[in-house]
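Everything below concerns the one structure shown next.
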Ligand SMILES: Nc1ncnc2c1ncn2[C@@H]1O[C@H](COP(=O)(O)OP(=O)(O)OP(=O)(O)O)[C@@H](O)[C@H]1O
Ligand SMILES: Nc1ncnc2c1ncn2[C@@H]1O[C@H](COP(=O)(O)OP(=O)(O)OP(=O)(O)O)[C@@H](O)[C@H]1O
Ligand SMILES: [Mg+2]
Ligand SMILES: [Mg+2]
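Chains as they are written, first to last, in my numbering: chain Y, 35 to 348; chain C, 61 to 573; chain Z, 10 to 287; chain V, 559 to 895; chain X, 391 to 715.
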């Protein structure tokens with residue numbers, strides 16, 4: 035298990051290196067640059083050159099890349115060109131918001147989707163099953179941004195409610211923090227719960243067909259025990275896989291929700307970085323998001339072993 | 061000249077007869093549409109940041125709603141000759157650090173802008189030349205007196221001083237922080253408080269402000285709410301109490317009893333510029349045809365919900381400086397003439413001209429582009445629109461006089477400023493940095509030189525009128541409309557009167573219960 | 010071909026599958042015949058801006074005074090085009106890469122899958138933003154961007170299917186008979202990939218339409234005045250109150266179309282999955 | 559009731575949608591199982607052995623259901639005679655694993671891979687007793703020793719995938735017997751096992767049955783297993799019982815052509831002749847049965863009557879029933895006309 | 391044993407599967423699935439391979455055909471060492487040697503008609519005109535008892551026995567000389583098994599085939615084989631003519647195996663040798679004789695030294711310390 039963990043982490047290296055090269059190259063290829071952004075309208079070529087030299091943007095790309103990635107390996111993501119602030123601490127603060135959003139969304143979606151998915155599977159072909167399936171389909175079909183705006187509008191007009199402004203960290207004021215996060219997290223949660231629901235349903239159906247369920251019933255187990263103790267545990271593996279993959283789409287989906295709800299998360303930071311062509315910021319953010327994502331995948335894999343004793347990875 | 065020693069006029073608050081008393085120390089919650097980049101008044105120029113910078117910093121002189129000047133940090137000034145300006149500073153003005161502002165700080169601030177401090181060039185500020193390039197020297201005569209000597213007479217000098225680049229800053233703060241992007245070295249009525257990027261900026265009241273009694277707000281908090289519909293929703297629920305809205309949503313806000321709408325004519329205008337490196341656009345007939353073909357009123361109806369005025373490069377808000385669009389035939393919609401000109405240039409139903417038009421993500425530019433495309437299609441021009449995201453937009457903007465840009469036309473939004481010199485020479489002077497479309501006309505350059513060298517208003521008007529006529533005739537930059545801007549606020553917000561000259565003065569603003 | 014016919018027949022038997030097929034056929038017909046069916050030209054200003062739905066303008070007009078109904082019809086073309094071409098790019102590239110990776114294992118597999126992991130771990134919306142920023146805006150580039158984002162999903166699906174197919178007895182059988190590698194891939198392995206692949210394709214189609222909408226929301230999608238449902242919806246958000254119809258109709262069409270693709274995908278999965286056959 | 563279990567006219571329907579009528583997978587099954595009896599059911603794959611037994615446990619699930627007019631009566635521990643098919647769900651759950659237990663064909667898949675052996679044995683105690691956790695553990699350990707599992711203490715902590723098929727089948731037996739049931743249904747318990755392991759398991763079952771006083775229904779398709787373990791045998795063919803008798807009668811006084819064919823093809827295996835005896839043709843599939851005798855197509859003695867009417871199950875000798883026109887009484891033949 | 395009519399000569403065949411582990415996924419051990427197996431098959435002979443599940447029967451069969459790459463040893467087929475052939479040479483050689491799989495449900499591509507299934511080997515190995523191909527197909531279909539109307543059907547439309555006929559037809563259509571039949575009847579019902587066995591024996595006569603017949607059913611092996619080999623944990627513990635092995639089993643394992651066959655008749659009396667425990671894991675076989683921990687006759691030497699294979703009677707070989715000279 036330990037060896038497997040080490041191996042999985044070693045395998046991340048080429049992937050992360052690849053991502054770092056990709057994002058670096060992409061940032062260089064994007065038209066527009068940070069200098070025009072800073073100097074704005076009236077920049078002279080000399081001024082531009084001067085500034086480029088200041089940020090080391092005049093060096094060969096390979097040198098710039100090595101310099102950057104070398105720093106990253108030492109835990110130094112560099113400084114924002116626009117604000118001259120070190121990037122990593124900023125990413126970490128921003129990540130708290132995105133992580134909270136993602137986790138809340140995931141939890142909301144599980145609380146809704148997994149029980150409903152089970153219900154649909156157990157009562158296969160019933161009216162409840164059909165309703166749940168339609169609901170799941172709707173969940174995956176509504177664009178998140180439309181849902182967000184619609185909800186904002188609806189809640190403000192009908193209930194005079196607006197998601198509170200002024201982000202507060204969870205540890206500063208949990209209650210207020212939750213008030214702020216609940217709406218965006220629910221919207222994200224709804225957008226993924228459709229697929230979780232479908233996966234739960236099909237996974238539970240699959241397990242229900244397996245022999246051991248019959249044994250459990252033959253032992254005299256009640257339906258509740260059979261489903262929640264035995265079926266669910268086996269059904270969990272594909273669900274966990276899906277959820278692991280969804281963390282990725284949540285991190286991405288958060289970009290839009292963060293933008294609409296003005297949450298100071300990593301997605302916003304990346305978008306602002308892109309708009310300002312603040313290379314180190316964008317590179318740092320993307321690399322970090324990718325890192326979190328692959329890490330989540332490793333954790334998912336390790337979770338399998340926790341859920342399923344057959345998987346031991348040795 | 062402009063008489064000195066004016067005290068600021070008592071603000072003419074909108075007449076909503078709300079009888080309730082001010083809430084002592086209320087916090088104004090402002091919904092802002094985009095994230096400020098930073099607060100260094102000498103380098104930053106984008107609107108979201110300026111809104112805040114204007115609360116933090118002050119300049120020697122400032123502009124009244126009627127475009128006259130009053131002393132802000134300077135109590136008064138005199139102009140002994142055409143090239144000498146002596147400012148008598150207000151005594152007892154404190155920086156937010158608590159230190160008193162003196163003449164040295166003024167000298168330092170201008171040294172910084174002009175790149176003469178020990179730290180050298182502050183790295184940004186391409187604007188220094190156009191604003192303060194004419195300054196020969198800035199000297200502290202005594203602690204409260206500063207003398208500016210100009211290289212040559214400059215009628216726009218006072219006007220230039222009112223820009224944020226003329227802000228007086230605290231050198232200690234700069235020494236400590238390197239720059240002012242995230243630090244506060246101002247003297248303004250509000251101080252920089254907590255800034256949570258991409259979320260909010262808090263500006264608490266500066267208790268030692270030199271006019272502290274006048275300021276009734278306890279502070280302003282700027283919340284970022286990027287989406288306009290969301291801003292309106294937040295206004296409705298009282299989550300914020302003031303925000304900028306586009307004219308479209310103002311209609312909705314007007315229907316709400318607890319919201320009031322404050323509109324003012326800006327001196328910004330949108331225009332379409334021609335890339336003169338495109339051969340087809342070197343033909344003046346084509347450019348003029350496009351000017352004729354634009355039905356500006358329709359565009360205003362569509363894009364600005366009717367809330368804008370047809371404008372030349374001197375928007376109507378500039379008052380007597382503006383000749384008004386009515387006086388130009390080229391700004392009257394005339395399809396026949398446009399077609400005639402196009403045909404003269406060799407285009408016809410079977411020979412269309414294809415042009416690439418760059419637009420930004422800003423709603424008004426994006427929408428204007430669509431209308432322009434539609435209208436130009438009537439005169440054998442096929443326009444292909446690309447909406448550029450802001451980083452690219454700025455990049456391409458700088459290249460619009462070369463084929464490198466990859467675009468033939470661009471929709472821009474420009475601020476004409478308060479002085480005709482900026483409106484003309486900044487955007488049309490040969491080689492001027494904002495003259496991105498590569499316009500060049502000797503007579504215009506000459507007129508600008510004349511206009512700046514004299515302080516005789518009548519003369520200046522004459523010069524600039526002529527320049528304006530030439531620019532319109534040339535049609536390299538086809539101006540379209542100058543919009544109204546709107547603040548929507550809760551009715552509890554009182555004592556706020558935005559104008560083109562200053563749309564962010566909250567010193568007299570207060571909240572009622 | 011026989012199998013295709015059989016699959017369609019099976020789909021038809023499933024009520025959901027039938028709804029999906031008929032619905033999508035309708036959308037396709039709408040897309041094809043948009044020029045005939047649309048009462049107005051989609052990018053002409055034909056009436057007062059923001060007129061409410063009426064007998065003349067069924068879905069009302071937008072802020073430019075263009076007929077929303079006509080634009081929706083034309084928008085079907087764009088949305089389908091985006092979906093189909095984007096998924097096509099992702100599917101073809103993903104299919105080839107997945108097949109190679111799955112069949113040859115070893116370093117070919119490792120290299121391909123590492124590249125796929127890289128693409129996959131890259132936040133997809135950001136990747137699409139970057140790609141379209143590099144390539145420039147416009148319909149084709151949007152499609153390429155969404156297509157590239159789709160490659161890893163397809164490659165993984167195909168690879169997994171190939172690997173599991175390789176373990177099948179009849180593939181060993183073919184090898185033992187002496188059938189050539191190419192023929193094994195084509196005749197014995199590929200058909201197994203078809204089912205998960207098609208299901209993936211319908212799901213990817215719906216997500217491509219969604220991604221296009223999201224990209225339009227961020228200003229990166231198709232460029233004006235061409236109508237796409239996504240860009241119409243994102244344009245409408247400022248006018249949500251004055252002209253709700255500007256948002257309602259494109260949203261409705263997006264949701265229904267994606268719904269249809271999902272329904273079809275679900276049903277296809279059931280039809281093609283032998284485990285569910287009793 | 560003198561029997562432990564009486565199955566009368568059991569039929570099982572396969573639902574095929576609202577518009578198509580259900581298929582009868584098995585039909586007209588009558589079986590009597592006595593106390594402490596070893597009852598064997600043989601038949602080819604798919605002839606309905608497993609579903610017949612599952613219906614006793616009430617374990618049929620959609621799309622299968624017990625047909626109208628069926629009855630399964632069971633004599634419970636407390637002496638009451640219960641109709642299992644109409645027993646409420648709760649009571650059925652109490653009965654399952656307590657009074658009737660079941661062992662399945664594939665030990666590898668019959669245990670939940672996610673829980674330890676201990677969990678799974680203890681669970682079946684927990685459903686039916688209120689013993690303390692440690693007492694249940696003790697009982698589980700003792701049971702494992704009874705089924706001759708070496709290293710029983712360690713095995714308790716292991717997961718199913720650690721054990722071999724033979725071990726797992728022992729665990730299954732332990733689970734089935736731990737509540738001392740009155741009836742044990744063993745659905746091909748040794749088919750998936752090797753001969754040496756099969757021998758171990760069959761011996762074990764014989765031994766345990768002695769000490770537990772349980773009746774056993776042994777399902778198999780291997781006549782050898784029947785010969786080793788059973789007293790009474792029912793031969794299934796295509797969803798029907800075609801012959802029912804004591805083991806001895808089945809092997810030595812075979813009445814039905816199918817049974818004798820089966821026996822001959824098995825015995826000819828070891829025989830001198832190179833050419834094996836075969837029953838020609840294949841088993842018909844459910845839903846496609848002919849209107850006559852279902853074995854008619856493969857039968858050497860097939861007559862016209864065989865194709866027209868289903869032969870009744872007739873007593874050919876005391877305690878020996880057979881479903882064949884060859885053995886039908888004159889009256890029955892008359893009735894068929 | 392005379393040399394000239396030996397078709398297949400397997401010498402010291404070994405097949406190991408790596409067990410991977412550690413950070414770099416290096417092989418940290420091996421499953422010794424086939425360990426030093428040697429035997430010969432003569433022309434038109436059936437060699438039966440029996441043993442319990444997991445003892446390496448299938449792996450032996452597949453290693454001989456190089457469907458699994460053997461780790462060591464030689465496989466001489468008609469004089470050529472199969473292990474030295476290139477991929478393409480081997481592929482062409484497959485015409486002469488075929489495999490029949492255990493599971494007729496899984497070993498036929500469900501998406502191909504019977505006709506296509508039978509055509510494929512012909513297309514692979516011969517350049518025939520369509521007419522000639524058709525003749526071949528008709529011939530083999532008739533030989534295995536599939537009617538012409540069945541040719542256009544798909545495998546799932548057949549019963550298990552019929553499918554196995556199709557599988558056999560597919561294996562034999564190229565007229566191979568040697569066929570590995572890997573448990574060809576284990577998945578079938580008793581009443582169908584004999585049909586298939588008869589068919590296999592008949593075809594052997596007609597086509598002059600040699601079989602390696604793998605099964606765990608001792609009765610079946612006895613019936614069909616001329617000679618048998620008994621495998622235990624990857625090793626061949628006893629080989630000999632069917633007569634010899636069944637009448638006079640030498641190895642204790644063979645004896646136990648034979649005694650475990652259920653009686654055919656309730657009245658039959660049978661002495662049973664009980665084997666304790668399970669087959670050990672081939673990844674970690676016991677030292678010395680692999681059978682020693684289950685052997686009723688285990689001696690000290692059995693735990694230390696692997697026994698040599700000895701020919702006790704002509705053609706009857708056994709690997710057991712009991713028969714040490
Ligand atoms: N869930 C089900 N759905 C549909 N048909 C079923 C189902 N379960 C069983 N059948 C059918 O019922 C018939 C009898 O099945 P059953 O499992 O009882 O056979 P069996 O005699 O136990 O065979 P085997 O020896 O293969 O276990 C078969 O034709 C089978 O296809
Ligand atoms: N691809 C493989 N990788 C690793 N181990 C394998 C592989 N194939 C087979 N083995 C192992 O090799 C041993 C021999 O397997 P093989 O399939 O040859 O046995 P068998 O005698 O045919 O058994 P059965 O009667 O169950 O078919 C087993 O322990 C098996 O687990
Ligand atoms: Mg069964
Ligand atoms: Mg095998």
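Glycine included, C-beta positions come from ideal geometry on N, C-alpha and C. Treat the numbers as computed from the prediction; the structure is a model and nothing was measured.
Check your understanding: On the three-state DSSP scale, how would you describe residue 184 (chain C)?
Key -> With a pLDDT of 46 at residue 184 (chain C), under the threshold of 50, the modelled position of this residue cannot be trusted, and the question is left open.
query: Just reading off the alpha helix (DSSP H) that residue 590 (chain V) is part of, what are its end residues?
result: From DSSP, residue 590 (chain V) is part of no alpha helix (DSSP H) but of the beta strand (DSSP E) over 581-591.
- Query: Does any heavy atom of ligand 1 sit closer than 7 angstroms to the C-beta of residue 181 (chain Y)?
  - Reply: For residue 181 (chain Y), the CB stays at least 7 angstroms from every heavy atom of ligand 1.
For residue 578 (chain C), the first and last residue of its enclosing alpha helix (DSSP H):
Not covered by the structure: residue 578 (chain C). The range shown for chain C is 61 to 573.
* To do: From the DSSP output, read off the bridge partner residues of residue 529 (chain X).
  => Under the DSSP definition of a beta bridge, residue 529 (chain X) lacks any partner.
Heavy atom of ligand 4 within 7 angstroms of residue 573 (chain X) beta-carbon = True, at least one ligand heavy atom lies under 7 angstroms from that Cβ.
Own chain partners of residue 254 (chain Z) with C-beta closer than 8 angstroms, once the 5 adjacent residues on each side are dropped:
For residue 254 (chain Z), where only same-chain residues beyond five positions count, the Cβ hits under 8 angstroms are 61, 62, 68, 69, 77.
Q: Can you pull the chain Z residues whose beta carbon is under 7 angstroms from the beta carbon of residue 48 (chain Y), in chain order?
A: Annotation: Cβ neighbours of residue 48 (chain Y) in chain Z (cutoff 7 angstroms, chain order): 123.
Chain-ordered residues, beta carbon under 7 angstroms from a heavy atom of ligand 3 = Matched residues: V:607, V:608, V:663, V:745, V:746, V:777.
Consider the Cβ of residue 268 (chain Y): report whether some Cβ of chain V lies at a distance smaller than 8 angstroms.
Yes, its Cβ sits closer than 8 angstroms to a Cβ of chain V.
For the segment 801-825 of chain V, list every residue whose C-beta sits within 7 angstroms of some C-beta in chain X, in sequence order. The residues in question are 805, 806, 809, 819, 820, 823, 824, 825.
Coarse secondary structure for residue 439 (chain X), derived from DSSP in three states | The answer is strand: DSSP assigns residue 439 (chain X) an E or B state.
Distance cut-off 7 angstroms: residue 586 (chain V) Cβ against heavy atoms of ligand 1
Judged by the Cβ position, residue 586 (chain V) fails to qualify as a neighbour of ligand 1 at the 7 angstroms threshold, every heavy atom of the ligand being at least this far.
Q. Beta carbon of residue 140 (chain C), beta carbon of residue 224 (chain C): below 8 angstroms?
A. Cβ distance not < 8 angstroms, so residue 140 (chain C) and residue 224 (chain C) don't count as in contact.
Distance, Cα to Cα, residue 176 (chain C) vs residue 259 (chain C)?
The straight-line gap from Cα to Cα measures roughly 36 angstroms.
Q.
Run through the DSSP bridge pairs and tell me what residue 138 (chain C) is partnered with.
A. DSSP lists C:146 as partners of residue 138 (chain C).
Where are the alpha helix (DSSP H) runs, 4 residues long or more, that stay fully inside the segment 42-101 of chain Y, in chain order?
-> Those alpha helix (DSSP H) runs which fall completely within the segment 42-101 of chain Y and span 4+ residues are 68-73, 79-88.
| said: Considering only their Cβ atoms, is the gap separating residue 299 (chain C) from residue 198 (chain Y) smaller than 8 angstroms? | reply: In this structure, residue 299 (chain C) lies closer than 8 angstroms to residue 198 (chain Y) by Cβ.
CB contact below 8 angstroms: residue 876 (chain V) versus chain X: No Cβ of chain X is located within less than 8 angstroms of the beta carbon of residue 876 (chain V).
Practice task
Determine the extent of the beta strand (DSSP E) in which residue 304 (chain C) is found, giving its start and end residues.
Solution key: Counting along the chain, the beta strand (DSSP E) containing residue 304 (chain C) begins and ends at 302-305.
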